[in-house]
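What follows is a single structure, written as C-alpha cells, with notes after it.
There are 2 protein chains.
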Amino acid sequence: MRFRHHVFVCENRRPADDPRGSCACKGSEAIRRALKEELNRRGLKGQVRANAAGCLDACAYGPSIVVYPEGIWYGHVTVEDVPELVERHLVGGEPVARLMVPELNRRSG
Amino acid sequence: MRFRHHVFVCENRRPADDPRGSCACKGSEAIRRALKEELNRRGLKGQVRANAAGCLDACAYGPSIVVYPEGIWYGHVTVEDVPELVERHLVGGEPVARLMVPELNRRSG
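Each protein sequence line maps, in turn, to chains A and B.
Its first residue numbered -14, the first sequence is counted upward by one per residue in our numbering.
Its first residue numbered -14, the second sequence is counted upward by one per residue in our numbering.
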C-alpha cells in the first residue's frame, strides 16, 4: 500500500437549502484541515493521507469519512473528534467504534 | 465492506499553465463519467462506486485513480481504458497491469 491509511473526507457542497444536506455545509472542510494538521504534527505526512472526496453517498450521516484499506466508515464527525480519530485509529490501528455508523459498515449485497 | 470496489478518480484542477499539471486538465472528469456509465450499464451501481477525489498526490502520473480496498493505483488513464478497467478489474477482480504505475504501487516506508 502506498499509504498506511488513506482517509477520504466528503467535501461535497450543495446549496444551503437543499433538503439532502451536504458534508461541506456541515463543516467537513474544517475537519479535513484539522486532520491534516494533526497528521503533520505527528510526522505522519506521506504515510497517512487526508484526502478530499466528492459525494460518498452518505449524506444523511454527514460529515462522513471513510478510511481505507480497512473500509471503516465514520459519520456525524466533528472537529473535536479529530485527535481521537488520529490517536486511536490512524496511529493505534483501532477504529473508533462510537463514530462508526452501523448502516455504512455493513457488507454490500 | 460497503462497496466491493471504491474507485477514486482525481479531479483536482489547477490553472492550465501550472507546471505541475492536474488530473482534471488531463481529462479525468470524462473518465469518471465513462466509469459511472459503464458501471450503471452493467448493473453494478451500489456495489462499485466511482468517486471524485481531490488531489491524490500523483500529479505526475495523471489522470490518476486508486481502487480500494485493494489499493491498486493507476496512472495516465484514458477514457478508452475504461471498459478494460471495468471488465477486468472491477468485474473480474484482476488489476490491469499495463495501467499500474510502479512508483505508486510500492509499499510506503
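Where is the CB? At the ideal position from N, CA and C, for every residue including glycine.
task: Give me whichever residues DSSP pairs with tyrosine 59 of chain B in a beta bridge.
output: Paired residue(s): B/Ile50 and B/Met85.
query: Do glycine 55 of chain A and proline 80 of chain B have their C-beta atoms closer together than 9 Å?
result: Here residue 55 of chain A turns out to be glutamate, not glycine, going by the sequence shown. For glutamate 55 of chain A and proline 80 of chain B, no; Cβs fall outside 9 Å.
task: Please look up how many angstroms separate the CB atoms of leucine 24 of chain B and valine -6 of chain B, rounded, as I've assumed it's under 8 Å.
output: With 8 Å as the limit, leucine 24 of chain B and valine -6 of chain B do not qualify as a contact, their Cβ atoms being about 12 Å apart.
query: For the segment 15 to 40 of chain B, which residues have a beta carbon sitting closer than 8 Å to at least one beta carbon of chain A?
result: So the close ones are Gly31, Gln32, Arg34, Asn36, Ala37, Ala38, Gly39 and Cys40.
message: Given a cut-off of 9 Å on the beta-carbon distance, is the pair valine -8 of chain B and valine 33 of chain B in contact?
response: yes
message: On the criterion of 16 or more Cβ atoms from any shown chain inside 10 Å, does histidine 99 of chain A qualify as buried, or is it exposed?
response: Nothing about residue 99 of chain A can be reported from this structure: the residues present for chain A run from -14 to 94 only.
message: Could you give the first and the last residue of the continuous beta strand (DSSP E) run that contains asparagine 36 of chain A?
response: 33 to 38
Test: leucine 89 of chain B CB closer than 9 Å to a CB of chain A: With 9 Å as the cut-off, leucine 89 of chain B counts as an interface residue toward chain A.
field: Nearest neighbour of tyrosine 59 of chain A, chosen from A/Gly39, A/Arg83 and A/Val76 [CA to CA]
entry: A/Arg83
- request: Please list the residues of the segment 46 to 62 of chain A that have a C-beta atom closer than 8 Å to any C-beta atom in chain B, keeping them in chain order.
  value: Val51, Tyr53, Pro54, Glu55, Gly56 and Trp58
query: Looking at chain B, which residues of the segment -14 to -3 of chain A have a Cβ within less than 8 Å of any of its Cβ atoms?
result: Met(-14), Arg(-13), Phe(-12), Arg(-11), His(-9), Phe(-7) and Glu(-4)
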